[in-house]
Amino acid sequence: MPSYKAPLRDIQFVINEVLDTENLYQGLKGYEEATPDLMNAIIEEGAKFAENVLSPLNQSGDEEGCVWSEEGVKTPAGFPEAYKQYVDNGWPSLSAEPEFGGQDMPSMLGIVINELAGTANWSWLMYPGLSHGCIKTLEAHGSPEQKQQYLPKLVSGNWTGTMCLTESHCGSDLGLLRTKAEPQADGSYAITGTKIFISAGEHDMSDNIVHIVIARMPDAPEGTKGISLFVVPKFNVNEDGSIGDRNSVHCASIEKKMGIKASATCVMNFDSAKGYLIGEPNRGLNMMFTFMNTARIGTAIQGLAHAELAYQGSLEYARERLAMRSLTGPKNPDGPADPIIVHPDVRRMLLTQKSIAEGSRAMLYYLAQLGDIVERGDEESAKKADDLMALLTPIAKAFVTEAGLEAANHGIQIYGGHGFIREWGMEQIARDARIATLYEGTTGIQALDLIGRKVLGSGGKLLMGFTEMMGEFVAENDDEAYAEFTAPLTKYKDEWLTMSLEVGGKAMENPDEAGAASVDYLMYSGYVALAYFWAQMAVVAHKKIAEGEGDTAFYEAKLMTARFYFQRILPRTMSHKESLLSGAENLMDMPEAMFAF
Ligand SMILES: Cc1cc2nc3c(=O)[nH]c(=O)nc-3n(C[C@H](O)[C@H](O)[C@H](O)COP(=O)(O)OP(=O)(O)OC[C@H]3O[C@@H](n4cnc5c(N)ncnc54)[C@H](O)[C@@H]3O)c2cc1C
């Protein structure tokens, strides 16, 4: 397993040179103190924690996994101690609200720290990561008493949280859920049912675990309109906030699974467990939508994390591994063969990993900034940011995790046969990356959300908001020097719109057309959106080189990677376009029975 080295130069490039971070946060109420110096200092500390504490536990955690017993779940050696350090150093409260002990830093900073921690050890990050959803739910929808009771301990990290949605028969379609919530005389609810696949449902890192559970009340309407939200603590909480008696929610088992083995994926039995309603009855799903975007960006980070780690390992290996001679003559004449980095095909894979990781970083930090504008910006900028976020979130979640998986897979290939062997770590990265395209809404579900709700559902308005921004960027950078990046953007923004109109027209006749186009449409959108971020980075790099500010090799590398992306990766849009416009018949004509032949 490669030991992780935080890409601080690239992180600083995106935050300070590509995105207008300083001006943005100076203008957002309450974030004035988030100066570049302070943010850099925090990021550097986060990098040390990730490199020195979390990274060394990544491979051992995978080997060891979690162990279930009647008493609970034991996480791998070193995990609880690392979590204690994380809490002692105040990391969980970084971007939480100050009222309950949060440090009120921008959520973009939280995303950067998650990238660092998650690249070092994604399984470990799942424990504090799930708390985030729980905190956001209570912050947005909890009663004043619930906030007082749970948030201080969750924000400090002394307690962790979970999101209990999935049941054995339903994940994407939560309208089918069966867990029951019976009202009790004391105002609480008796929650009964079994949830599966609950990350961090049980473990040995914190004093209490607070479950956010969706369930159905006795008189609830069918489907998604009858879902209510409850808070169900592992240990009941006394009025003074101290831990009380054990609640009847238990972890029945943990899953044996393909990757993120050190993250406990739990079957949770709720046996008339004491739960408390959050917000209005039957509004559970609507309430969860309020933080769905941030949760999805959190999962998108996983794609970036695995692309980065696979790239770091691959690069080191490609520089050292000797095999055959360069086609243009020996590059290592004193050695028995050349390092494999001389071979065009190995470079193709390395540059694919690099362009995915760096492009995704720019896209995801930008999205995280939009989240901060939505929360703290004036009405007009918040609305604009919200619209952009609505469009870009399903793209980021599905595209970046799919691309991250591809990058991880290249890692195996670059290591040759050794990539398949556990000790080198590349197969673990690919196994760990696989889940990101499934949980928090599968790629197929994100694609339906993009094409159905976001693009066609808004009559193209949300898409036009983004393509207009692309157009403005092209107009602002109307210079021959940047034309290799700006000209394709002009072509793609127009093509994206026309293509969407065409699919929309067909979908009015036959709704299956939207579903049939969806995943190709999403991938097309992902490649084009990433091109927009790569073009921005290329223009900045160009300007820095022209200004002669130094660090030329870094900027030249950026330009060359941008060029690689535009010339070798972006053309994948053509095949996605052709597939998505090919219509629904080639998928839907075959009668179900014929699939058997
Ligand atoms: C390791 C792990 C951790 C998890 N952590 C949590 C957690 O903490 N909390 C939690 O609540 N859940 C968690 N999950 C559950 C996860 O979110 C679900 O597995 C996921 O949402 C998919 O649901 P499903 O498994 O029921 O698949 P299904 O919904 O049965 O989907 C099966 C396939 O059908 C496709 N599909 C379904 N409907 C459509 C449609 N309308 N159009 C096109 N395609 C469709 C899907 O894309 C998928 O390919 C976790 C799962 C795993 C494996």
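Just so you know, UniProt numbering puts the end of the sequence shown at 597, numbered straight through with nothing missing.
Ideal Cβ placement from N, Cα and C applies to all residues, glycine included.
Judged by DSSP in its simplified three-state form, M469 adopts helix. F197: member of the beta strand (DSSP E) spanning Y189 to S199, first to last residue.
CA-CA distance, V346 to P339, rounds to 10 Å. By alpha-carbon distance to N286, the top candidate from E99, L174 and P511 is L174. Across the structure, S518 and G444 are spaced so that their CA atoms are roughly 7 Å apart.
Per DSSP, reduced to three states, the secondary structure at F597 is coil, with no helix or strand assignment. Cα atoms of I196 and E167: separation of roughly 5 Å, rounded to the nearest angstrom. Boundaries of the alpha helix (DSSP H) harbouring H132: W122 to H141, taken from the DSSP string.
Rounded to the nearest whole angstrom, the C-alpha separation of L388 and F473 is 15 Å. DSSP links K274 through a beta bridge to A190.
In this structure, the beta-carbon distance from A264 to F533 does not fall below 7 Å. In the structure shown, D245 falls within a strand segment according to DSSP collapsed to helix, strand and coil.
Between the C-alpha atoms of L370 and A385 there is a straight-line separation of about 5 Å. Each of G411, S228, N269 and G133 was checked against the Cα of S248, and the nearest Cα belongs to N269. Rounded to the nearest whole angstrom, the CA to CA distance from R296 to T393 is 7 Å.
T179 and D271 have their C-alpha atoms some 10 Å from each other.
Segment contact: the segment 407-414 against the segment 298-316, three or more CB-CB distances shorter than 8 Å; contact assigned. Collapsing the DSSP output to three states places M163 in a strand. Residue pairing from DSSP places L322 in a beta bridge opposite P339.
Bounds of the alpha helix (DSSP H) holding H542 are D512 to E547.
Here DSSP, grouped into helix, strand and coil, assigns S69 to strand.
Exclusion of T573 from the 6 Å shell around ligand 1 follows from its C-beta lying no nearer than that to any non-hydrogen atom of the ligand. Residue environment analysis places S500 among the buried positions, since at least 16 neighbouring C-beta atoms fall within 10 angstroms of its C-beta.
Straight-line measurement puts the Cα of S3 at about 9 Å from the Cα of N52. Ranked by Cα distance from V267, the options W68, Q536 and I451 are led by W68. The DSSP-derived three-state label of E97 is coil. Nearest to T224 by C-alpha distance, out of I212, R283 and I429, is R283. Its chain contains L24, Y25, L28, Y31, P106, S107 and M108 as the residues whose beta carbon lies nearer than 8 Å to that of D372, once the 5 sequence neighbours on both sides are disregarded; these appear in chain order. In this structure, DSSP gives A262 a state outside helix and strand, which the three-state scheme calls coil. S458 sits in coil when the DSSP states are folded into three classes, being neither helix nor strand. Close CB contacts of S93 within its chain, under the 8 Å cut and outside five residues either way in sequence, are with G101, G102, Q103, V155, S156 and G157 (chain order). Residue side-chain check: I198 places its Cβ nearer than 6 Å to a non-hydrogen atom of ligand 1. Residue pairing of F235 in beta bridges, as defined by DSSP: R246.
The three-state secondary structure of E440, taken from DSSP, is coil.
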